[in-house]
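In terms of the numbering used here, the sequence shown is residues 1 to 227. For every residue, glycine included, the Cβ atom is placed at its ideal position computed from N, Cα and C. Beneath this line is the structure, given in structure tokens, with notes to follow.
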Amino acid sequence: MTSVHSPNKKQITPREAFRLLEREQGVAEWETRYDGISELLFTILSQHTSDLNALRAFESLRDAFDGAWERVAEADHEDIARAIWIGGLSRVKAPRIKAVLKDIQSKRGNLELSFLKELPLSEAKSWLRELPGVGPKTAAIVLCFALGMPAMPVDTHIYRVSKRLGFIGSKTTADRAHDILEATIDPEQVFAFHVYLITHGRQVCKARRPLCEKCILKEKCPSAFQV
Ligand code: SF4
Numbered sequence: 001m002t003s004v005h006s007p008n009k010k011q012i013t014p015r016e017a018f019r020l021l022e023r024e025q026g027v028a029e030w031e032t033r034y035d036g037i038s039e040l041l042f043t044i045l046s047q048h049t050s051d052l053n054a055l056r057a058f059e060s061l062r063d064a065f066d067g068a069w070e071r072v073a074e075a076d077h078e079d080i081a082r083a084i085w086i087g088g089l090s091r092v093k094a095p096r097i098k099a100v101l102k103d104i105q106s107k108r109g110n111l112e113l114s115f116l117k118e119l120p121l122s123e124a125k126s127w128l129r130e131l132p133g134v135g136p137k138t139a140a141i142v143l144c145f146a147l148g149m150p151a152m153p154v155d156t157h158i159y160r161v162s163k164r165l166g167f168i169g170s171k172t173t174a175d176r177a178h179d180i181l182e183a184t185i186d187p188e189q190v191f192a193f194h195v196y197l198i199t200h201g202r203q204v205c206k207a208r209r210p211l212c213e214k215c216i217l218k219e220k221c222p223s224a225f226q227v
């Protein structure tokens, strides 16, 4: 799939897109799903699988260890893998989960991430990204969803929509897109912007055949009817 941007069209800004998508989708309000450690483990379990499989694996892991993540940190890889097999790639993810828990324990003396809320966003991101196997997306998910911080998780939908709208360049990596998109909007709007873009990507600006004729952003989208 390629997109050809029209050079003469006045391009929509992230703030304009935010307003239009909010009008279309309604106000998205932040509510927490899990605590920080649980969100981190859920995100590791969601790598390369569906959300449903990740949820099954997460619940199975939590039940197998009675929700005591300290016990997971001490468990054998085999026992962790057995608990999460339903989510797939269990032999890869089990050592990843154990390593991340052990690393947090060794740095903090406990399994608690709420201290990150007291740090500037950039420091909180850096702290998480130094954990084994944690990249910009996982860090942003934990900070945004669990801790309510203005970090912007960029998944495949947001990455695609942002490129088509010209918010990021065609060669911008997904890792870089996190910081770029986050800076285009007010901090208190970051969570909602994430929700609006992901919903728009799933329902309208689809990967193969975007529904440009129905799109609320089409008047100023540089890729409208060109994908
Ligand atoms: S659906 Fe079409 S007009 Fe809307 S954002 Fe995607 S490419 Fe642009």
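Got a sec? Which residues, its chain only, sit under 6 Å from residue i by beta carbon, not counting five neighbours each side?
i	result
Thr2	Because Thr2 sits at a pLDDT of 42, beneath the cut-off of 50, its placement in the model cannot be relied upon, and the point is left open.
Ile228	There is no way to answer for residue 228, as the model of the chain reaches only from 1 to 227.
Phe193	Phe18, Ile185
Pro150	Pro187, Val190
Cys212	Lys218, Ala224, Phe225
Thr138	Thr43
Ala174	Val154, Tyr159
So, helix, strand or coil for residue i, using DSSP?
i	result
Phe225	coil
Leu119	coil
Phe167	coil
Ser3	Any answer about Ser3 is weak, because its pLDDT of 44 lies below 50 and its placement is not dependable; what the coordinates show is given next. It is coil, neither helix nor strand.
Leu131	coil
Thr184	coil
His48	coil
Gln11	coil
Asp175	helix
Lys206	coil
Ala85	The residue you asked about is not Ala; residue 85 is Trp in the sequence shown. Residue state, collapsed to three classes: helix.
Leu40	helix
Thr156	helix
Leu55	helix
Arg71	helix
Ala151	coil
Cys215	coil
Beta-carbon within less than 7 Å of residue i's beta-carbon, same chain only, minus the 5 sequence neighbours each way: which residues are those?
i	result
Gln105	Ala73, Leu111
Ile198	Asp155, His157, Ile158
Ile12	Leu165, Leu217, Lys220, Cys221
Alpha carbons only, please: which of the options is nearest the one belonging to residue i?
i	options	result
Arg160	Gly87, Lys206, Phe18	Lys206
Pro136	Lys125, Leu40, Leu55, Ala146	Lys125
Pro187	Lys220, Ser122, Ser162	Ser122
Leu116	Val190, Leu147, Ile141, Gly109	Leu147
Ile37	Trp69, Asp76, Ile86	Trp69
By Cβ distance, which residues of its chain are closer than 8 Å to residue i, with the 5 residues on each side in sequence left out?
i	result
Pro132	Arg96, Ala99, Val100, Asp103
Ser162	Val154, Ile168, Ala177, Leu181, Leu197
Glu39	Arg33, Ile141, Val142, Phe145, Ala146
Starting from residue i and walking both ways along the alpha helix (DSSP H), at which residues does that stretch end?
i	result
Gly201	190-203
Pro14	14-25
Asp66	Neither: Asp66 is in no alpha helix (DSSP H) and is coded neither H nor E.
Ile97	90-108
Ala139	136-141
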